[in-house]
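K.L.:
My structure is below; once you've seen it, I'll send some questions.
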Amino acid sequence: MTAVQANNLWKYYGDYPALRQISFQLETGQCLALLGRNGAGKTTLLRILAGLSRPQQGILRVLGRESRDPNSRASIGILGHGIALYEELSALENLKLFASLYGVADPEDRARRWLERTGLDTVSDSLVREFSRGMRQRLAIARAFLHEPVLLLLDEPFTSLDDRAIKLLQGLLGEALARRSTVILSTHQLREAMELSTHVALLHRGQLTFYGERPAEMLSDPTWLYRTHGES
Amino acid sequence: MTAVQANNLWKYYGDYPALRQISFQLETGQCLALLGRNGAGKTTLLRILAGLSRPQQGILRVLGRESRDPNSRASIGILGHGIALYEELSALENLKLFASLYGVADPEDRARRWLERTGLDTVSDSLVREFSRGMRQRLAIARAFLHEPVLLLLDEPFTSLDDRAIKLLQGLLGEALARRSTVILSTHQLREAMELSTHVALLHRGQLTFYGERPAEMLSDPTWLYRTHGES
Amino acid sequence: MTRERVLYLMGGISAIWLVRNLYVMLLALPDEVEQGAIYRILFFHVPSWFTCFTGFFLAAVASGLYLKTKNSLWDTLAVASVEVGVAFTLVGLATGSIWARIIWGIWWTWDARLTWALITCLVYMGYLMLRGAFDDPTSRAKNAAVLCIFAFTSVVITFKAIDWWRTQHPGAVLSIRTGGGRIDPAMEQMIYQNWPALMLLAAVLVAIRMRQETMQRELEALRRRTHAF
Amino acid sequence: MKLLREVCVVAGKDLRSEFRTKECLNAALSFAIVILVLFSFAVDPSSEQIREMSGGLLWLAFAFAGALILNQSFARELPNDCLDALVASPVSAAALFLGKAAANWLLLMIVELVCLPVFGVLYNMSWLGQWPLLLLVFLLASWGVTVIGTMFSALTVNLRLRELMLPTLIYPMMIPALMAAMQLTTVLIATSGVPPEDWIWVRLLVGFDIIFTSLAIALAEVVLLG
Amino acid sequence: MKLLREVCVVAGKDLRSEFRTKECLNAALSFAIVILVLFSFAVDPSSEQIREMSGGLLWLAFAFAGALILNQSFARELPNDCLDALVASPVSAAALFLGKAAANWLLLMIVELVCLPVFGVLYNMSWLGQWPLLLLVFLLASWGVTVIGTMFSALTVNLRLRELMLPTLIYPMMIPALMAAMQLTTVLIATSGVPPEDWIWVRLLVGFDIIFTSLAIALAEVVLLG
Ligand code: HEM
Ligand SMILES: Nc1ncnc2c1ncn2[C@@H]1O[C@H](COP(=O)(O)OP(=O)(O)OP(=O)(O)O)[C@@H](O)[C@H]1O
Ligand SMILES: Nc1ncnc2c1ncn2[C@@H]1O[C@H](COP(=O)(O)OP(=O)(O)OP(=O)(O)O)[C@@H](O)[C@H]1O
Ligand SMILES: [Mg+2]
Ligand SMILES: [Mg+2]
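Those protein sequences? They're chains H, W, Z, E and U, same order as listed.
Position 173 of the first sequence, counted from 1, bears residue number 173 in our numbering, the numbering being contiguous throughout.
Position 44 of the second sequence, counted from 1, bears residue number 44 in our numbering, the numbering being contiguous throughout.
Position 20 of the third sequence, counted from 1, bears residue number 20 in our numbering, the numbering being contiguous throughout.
Position 152 of the fourth sequence, counted from 1, bears residue number 152 in our numbering, the numbering being contiguous throughout.
Position 76 of the fifth sequence, counted from 1, bears residue number 76 in our numbering, the numbering being contiguous throughout.
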């Protein structure tokens, strides 16, 4: 089945085209690493896929439905630059809130389970305000995975995670892929991303200059893609 | 000369000791990589060194002066988790603001020069609100280096930078060290940090479990330190 | 252990003293000519205002010292004395209102003294409110201390209100402020007798609140330590 | 039903973070007293005229408290881009908007219900005679104020629309609701019932609420998503 | 000199980012006008008595609108932890505080100067006769209000209930300044000069400004750094 089908997407900020003519198709169970230099348009694309922003042109189908369809939104997990957690609520309350918003059956139980999985169970009652940056990122990851989404859109998920947390996240992603979920992640930490990704897309100034299966070269030399397909 | 001298620093949040008995001494021209797992206390320590928070106990001398001495503050460059840029101001305005705050002679000129160095000269009049994450981080780096500080305190400076920006930052740091400035940086991207650092400190639950010159093992195997000096 | 004994002792003394004062007030002193029996409320009205002003003064000093030394003991002293001070403010307001009801026929009027007394009460309630709103003890102590110093201005204004505005509320009566002659010496004597008794009571309450506060702080520390990341 | 549940979850979240410590009620109480003390300086509180201004003073205080509460409503979502997470969740924009409005409404009602007796004591006025009607007026008028205010608050997070819809116009838009509320409150406090010619104000309130609620629900998706 | 330059830089920054969005100014301005309009419903604007309340009404409106501006003053620094960068810079805490206060002062003055003619028109009152003195009163009283407000804005930035907490805490503190301003404004609008016994209010304003400015400057470092 096709998880994401994008056809000739254009996104302008004012007159500036942040995305130009983006077309690709991703099947379920695949993991796409969205690469590109700073300001290439990765975040913009992910936000459009998540339904947080509308492209001015082009057709987008996510999980076989219109983007912004409530049913498809329920099966998407997002993790953006902003961690989207409430500073004045505790870790547990944050997760419970999002579990309820996503209509999970037993929010409390689910929230506790994910706190445990992300290693935050000892601080479940502390306010997010008191968390260190890595702890926040862990909690944000828990929030994204909480409702067992079928499509995961992760924007630089490895940011500020320590070595153990990176292993943890890779494990979670591996599991999700094994369940035939689809993952799209953008990152600058190529080494960590390459272990998992089946596909690679390279954005360059809003255009897709490479899209396809992960080239074998990238495992040993992560910047290979930039050198061959990005303008130097 | 001694750039930073910390003697038995303790920092409590409420009654929770986030830093315990931290003592170390760093000479000018050295580069210290502050390592530690999520929540170890790296940010807390850097904030204390920057004079943004006061230790409850212990003596701290920065650049030979009391911490929070206006003269020493003028020679410190900081880059924290929050990028400390005003969303409603343009890149140029942000830099000009901080140049004026630091009493730089020709703020406009200096700001433009640093926009150029960080590759943001083409977007100098865009509001920070319109910047991608990496562009923000670059701008924050420009802000930290702007007044040619003698001591640089950088909290995860490599976050969300692309390969070129990382090279750029490493170049800037190299230059600063060549000028015999002192650098303290915390990071989870060990590989990027190890190329520069002369010294390494490992924090574990608020305690300094390792402090010394960078062990040669860490160049090839960055997690060596965690395995030998961190618990389990 | 000895500290506790001292507290009990002080509490006992103030209780006995108050009972003795009540006896003198109710049975030994005669009714006042114009007001009749109700004037006796004066013996609680005025000393409780003095006591609360003292408490607020103490709190302002403690806050200043906290900001200087960052020793949380001062902070504890400041809260305790504000809390006790507010309690006595409420006593002052209540006794005043009752008195007003009987003498003037209304519970409340927007007279400068009354209004400022109410404002002072509000300011210090704001202080307690602000404290409650912080989770982090360090910033709670700091911000509350700053507020406490600002707040003391309203105490000064309340105290001076009778001099600055023409008020319906009676002017100064105590001979230390007027030079004497406005009040019967026996009555004035009684005010001076009741004040230390109330102060002693206040001191006991402050000490108890301080102990409670310290214990709570330790408890919080234990909670954080067991839940470290 | 699903809508209702979602509204509750969203409102619950806002209320929880407000009520986290029990300070909310204390704050509302002292706030009410402070405002009433302020009024005593502005107008002569002992004059007879004060009775004819009672509704005016009360609703002024409420409008003011409302502006402060409402202003923060969506600003609360800004720090960690929390609004993104809400908008991306399957909750509909209407539910989100109504949830936030409901939370604001409740907060405003708390402030109002605390203010009323305090006002009564300090200004020597009895309001108990007509309390069911008074409550109705409070509920209706507060909802009107809240809907408009929440809309305004949402606009402040959406830059593009903010220009178009001119926040300067939104506050003045509340005036009809406030006017009606003032009139009715004065009548209910000063006299012993609503004279027939004043029922038009109730109709105005109801109409106002219906119109602006429908408008807000219709526009919620556009305003939140941009 | 250095202090003055730093104050200007900080104030300039706040003003520049405010004028870019005008978020706060619009809200405060429209809110103040709504309050003035509401007053005309609350009290009978044609009665003679209104003249004796003019100062009270105006300053009530300013105090309410001011709360919106003050609320935003330090909240503006929250998003990217901007306050950290300011505090870490060599600028002294006093300069930082004064800069922010100056920006708030200017914004408040704008609101006041726009409201004054509106008030004059709505209530049919001329205020031009004594305008230099009136301006002086506005400047002095606004500064007092601003200093206290800015201080408390810094104390309450991190609170959930900031919007409710800030006015609750500041109004009782501001009352002396507001009282003096109300008194003087009424006198200046209603009569044709300040009678000798009212000069004490001017002295009170000046004293208030001096005392609280010094207190604020002395405590700025503590408040900002913690
Ligand atoms: C709610 C109503 C009232 C309030 C809030 C109030 C408040 C105060 C305050 C704050 C003081 C301060 C004492 C000082 O100067 O240190 C005071 C003193 C005093 N009050 Fe009242 N009062 C009220 C009603 C009354 C009434 C009705 C009377 C008698 C008619 C009264 C008689 C006095 C006297 C004689 C003093 C001592 C004045 C002095 O020597 O300073 N009060 N009151
Ligand atoms: N404001 C605060 N209140 C209470 N506790 C805090 C606060 N800030 C940090 N902490 C606690 O102090 C500890 C150290 O936090 P710190 O931010 O210094 O960690 P860190 O080493 O920077 O971690 P990371 O790599 O995740 O950024 C953590 O356990 C955190 O929960
Ligand atoms: N709100 C906005 N208004 C105007 N331009 C914007 C806005 N957001 C992003 N842009 C521009 O769109 C381009 C793409 O930004 P985007 O955030 O998608 O980059 P990115 O690939 O995620 O970069 P990074 O790796 O730095 O996060 C950038 O040039 C940026 O300046
Ligand atoms: Mg991005
Ligand atoms: Mg950190």
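Ideal Cβ positions, reconstructed from N, Cα and C, are used throughout, including at glycine.
(1) Assess contact between the segment 158-175 of chain W and the segment 120-129 of chain W, defined as three or more Cβ pairs (one per stretch) separated by less than 8 Å. Is contact present?
(2) Considering Cα atoms alone, identify which of W:Val183, W:Ser220, W:Lys96 and W:Glu156 is closest to Glu6 (chain U).
(3) Run through DSSP, which three-state label would Lys160 (chain Z) get?
(4) What does DSSP give as the partner residues of Thr2 (chain H) in its beta bridges?
(5) Roughly how many angstroms lie between the CA atoms of Met174 (chain E) and Ala218 (chain E), to the nearest whole one?
(6) Spatial neighbours of Ala94 (chain Z) within its chain, please: C-beta separation below 8 Å, excluding the five flanking residues on both sides.
(7) To the nearest whole angstrom, what separates the beta carbons of Ala32 (chain E) and Val111 (chain E), a pair I think is in contact under 8 Å?
(8) I'd like the list of long-range same chain contacts for Ser181 (chain H), defined as Cβ closer than 6 Å, with 5 residues on each side in sequence excluded.
(9) Going by beta-carbon coordinates alone, are Phe98 (chain W) and Ala85 (chain U) separated by less than 8 Å?
(10) Which residues does DSSP list as the beta-bridge partners of Ile78 (chain W)?
(11) Would Ala91 (chain W) pass as a contact of Leu139 (chain W) if the rule is Cβ separation under 8 Å?
(12) What do you get for Leu219 (chain W), buried or exposed, if any count of 16 or more other CB atoms within 10 angstroms of its CB means buried?
(13) In chain order, what residues of the segment 141-160 of chain E put their CB closer than 7 Å to some CB of chain Z?
(14) Kindly indicate which three-state DSSP category Val194 (chain E) falls into: helix, strand or coil?
(15) Is it the case that the Cβ atoms of Gly149 (chain U) and Val10 (chain U) are separated by a distance below 8 Å?
(16) Strictly under 8 Å for the Cβ-Cβ distance: is Pro90 (chain E) near chain Z by that measure?
(17) Check whether the Cβ of Thr150 (chain U) sits closer than 7 Å to any heavy atom of ligand 2, and report yes or no.
(18) Is Cys31 (chain W) near Leu177 (chain W), with beta carbons less than 8 Å apart?
(19) If contacts are defined as beta-carbon pairs under 8 Å, then Arg101 (chain Z) and Trp110 (chain Z) qualify, I think. What distance do you get, rounded to the angstrom?
(20) By the 10 Å Cβ neighbour count, where 16 or more other Cβ atoms means buried, how is Ala220 (chain E) classified, buried or exposed?
(21) Please compile the residues from chain H whose C-beta is within a distance smaller than 8 Å of the C-beta of Thr43 (chain W).
(22) Is DSSP giving Val200 (chain H) helix, strand or coil here?
(23) Would you mind sorting Asp209 (chain E) into buried or exposed? The rule is 16 or more other CB atoms within 10 Å of its CB.
(24) Considering Gln207 (chain W), what are the terminal residues of the beta strand (DSSP E) in which it resides?
(25) Pro70 (chain W) by DSSP, collapsed to three states: which one?
(26) Looking at the C-beta of Ser73 (chain U), does it have a partner C-beta in chain W at a distance below 8 Å?
(27) Answer yes if the segment 54-63 of chain U comes into contact with the segment 109-129 of chain U, meaning at least three C-beta pairs across the two stretches below 8 Å, and no otherwise.
(28) Tell me whether Val33 (chain W) sits in a helix, a strand or coil according to DSSP, three-state version.
(29) Closer than 7 Å: is that where the CB of Gly55 (chain Z) sits relative to any heavy atom of ligand 1?
(30) To the nearest angstrom, report how far apart Lys70 (chain Z) and Leu169 (chain U) are at their CA atoms.
(31) Under a CB-based cut-off of 8 Å, is Asn26 (chain E) close to chain Z?
(32) Taking just the CA atoms, how far does Leu205 (chain Z) sit from Leu9 (chain Z)?
(33) Across the segment 205-223 of chain H and the segment 18-32 of chain H, are there enough close Cβ pairs to call them in contact, namely three or more that are closer than 8 Å?
(34) Kindly list, in the order they appear in chain W, the residues whose Cβ is closer than 8 Å to that of Pro117 (chain U).
(35) Between U:Val118, U:Pro90 and U:Ala75, which lies nearest to Asn104 (chain U) when the distance is taken from Cα to Cα?
(36) May I ask whether a heavy atom of ligand 1 can be found less than 7 Å away from the beta carbon of Phe159 (chain Z)?
P.N.:
In short:
(1) no
(2) W:Lys96
(3) It is helical.
(4) H:Glu27
(5) 19 Å
(6) none
(7) 6 Å
(8) These residues qualify, in order along the chain: Val150.
(9) yes
(10) W:Leu153
(11) yes
(12) exposed
(13) none
(14) Three-state DSSP puts Val194 (chain E) in coil, outside helix and strand.
(15) Cβ atoms of Gly149 (chain U) and Val10 (chain U): not closer than 8 Å.
(16) no
(17) no
(18) With contacts defined as CB atoms closer than 8 Å, Cys31 (chain W) and Leu177 (chain W) qualify as a contacting pair.
(19) Going by Cβ atoms, the distance from Arg101 (chain Z) to Trp110 (chain Z) rounds to 16 Å, so no, they are not a contact pair.
(20) buried
(21) Residues of chain H with a Cβ closer than 8 Å to the Cβ of Thr43 (chain W) are, in chain order, Ser132 and Arg133.
(22) strand
(23) Taking a 10 Å sphere around the C-beta of Asp209 (chain E), we find 16 or more other C-beta atoms and assign the residue as buried.
(24) Gln207 to Glu213
(25) helix
(26) no
(27) yes
(28) Residue 33 (chain W) is actually Ala in this sequence, not Val. Three-state DSSP puts Ala33 (chain W) in a strand.
(29) no
(30) 24 Å
(31) yes
(32) 13 Å
(33) yes
(34) The premise fails here: Pro117 (chain U) is roughly 29 Å from chain W at the closest Cβ pair, so nothing lies under 8 Å.
(35) U:Ala75
(36) yes
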